[in-house]
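Asks:
Residue numbers (my numbering), protein chains in the order written: chain A, 1084 to 1197; chain B, 318 to 432.
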């Protein structure tokens, strides 16, 4: 069973602080990892992708990947009220020779308190 | 100029009816998907097409039938609608199988309500 696990929250963070979102996945052979942001009533929007162990930074966002621990995280620095949304972790899990599409976690609801 | 467009945006229908949702992408991607997002916001893959060929067919009732007339279009037809089919259905596209390189681009979703 291929699974992506996230704490559903809500995760409440004061404005200006660092928000830390975590995700674990079950398939050790997974190759590609993504973070999507979804505002209420809107479609998911890709904000970060990561493929290698370590950190990847893009503006206020940092994605961290540890394949040995099967763990992905997203850090949001200087959190803003506009960052309040549901954050979805997605993992590309391969089986056999084919691609199985992205498996999504259930999302973490992040609330940034002004 | 919308990259992935879905129609209709809202669909309210009675149990037992048959309905279709259409999706078109102008990104030149070769893979398209249907995902279902339930009331708890869980996104679950239903189908995937690569260059008009069905690649992924998850365990969904056979009342759901996808059709891809060309690689820019993927439609979803649902027969004999049930209350449990109420959800938001998202179309997505990617370059390459599984969105391995660039992830997905999602359409705006179709909110289906079965009454």
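From the three backbone atoms N, C-alpha and C, an ideal C-beta is built for every residue, glycine too.
For clarity, every value in this text was computed on a predicted model and none was experimentally measured.
(1) Does residue 360 (chain B) pass the burial test, meaning 16 or more other C-beta atoms within 10 Å, or should it be called exposed?
(2) Answer with buried or exposed for residue 1175 (chain A), where buried requires no fewer than 16 other C-beta atoms within 10 angstroms of its C-beta.
(3) Taking Cβ positions only, does residue 1157 (chain A) come closer than 8 Å to chain B?
(4) Strictly under 8 Å for the Cβ-Cβ distance: is residue 310 (chain B) near chain A by that measure?
(5) Quick check on residue 411 (chain B): does DSSP put it in helix, strand or coil?
(6) For residue 327 (chain B), count neighbouring Cβ atoms within 10 angstroms of its own Cβ and tell me buried if that reaches 16, exposed if not.
(7) Do the CB positions of residue 1143 (chain A) and residue 1159 (chain A) come within less than 8 Å of each other?
(8) Note the first and the last residue of the continuous beta strand (DSSP E) segment covering residue 1098 (chain A).
(9) Which complete beta strand (DSSP E) runs does the region 1103-1152 of chain A hold, if anything under 3 residues is left out?
(10) Once DSSP output is grouped into helix, strand and coil, what is the label at residue 401 (chain B)?
(11) Would you mind working out which of A:1170, A:1153, A:1197, A:1184 sits nearest residue 350 (chain B), comparing C-alpha positions?
(12) Return the chain-ordered list of same chain residues with a C-beta closer than 8 Å to the C-beta of residue 1167 (chain A), the five sequence neighbours on each side being excluded.
(13) Output yes or no for whether 8 Å exceeds the beta carbon distance between residue 383 (chain B) and residue 398 (chain B).
(14) Contact criterion: CB-CB distance below 8 Å. Does residue 1169 (chain A) meet it with respect to chain B?
(15) Taking Cβ to Cβ, would you say residue 1131 (chain A) is nearer than 8 Å to residue 1139 (chain A)?
(16) I want to verify the contact list: residues of chain B whose CB lies under 7 Å from the CB of residue 1190 (chain A), in sequence order.
(17) Which of the residues in the region 1125-1153 of chain A, read from start to end, lie with their CB under 7 Å from any CB of chain B?
(18) For residue 407 (chain B), decide whether its Cβ has a neighbour in chain A, counting only Cβ atoms nearer than 8 Å.
(19) Can you tell me whether DSSP reads residue 387 (chain B) as helix, strand or coil?
Replies: Quick answer:
(1) buried
(2) buried
(3) no
(4) What the structure shows of chain B is the stretch from 318 to 432, and residue 310 (chain B) is not part of that stretch, so it cannot be assessed.
(5) strand
(6) exposed
(7) yes
(8) From DSSP, residue 1098 (chain A) is part of no beta strand (DSSP E); its letter is neither H nor E.
(9) 1115-1121, 1128-1133, 1137-1141, 1144-1149
(10) helix
(11) A:1184
(12) 1193, 1194, 1195
(13) no
(14) yes
(15) yes
(16) 358
(17) 1126, 1127, 1129, 1132
(18) yes
(19) strand
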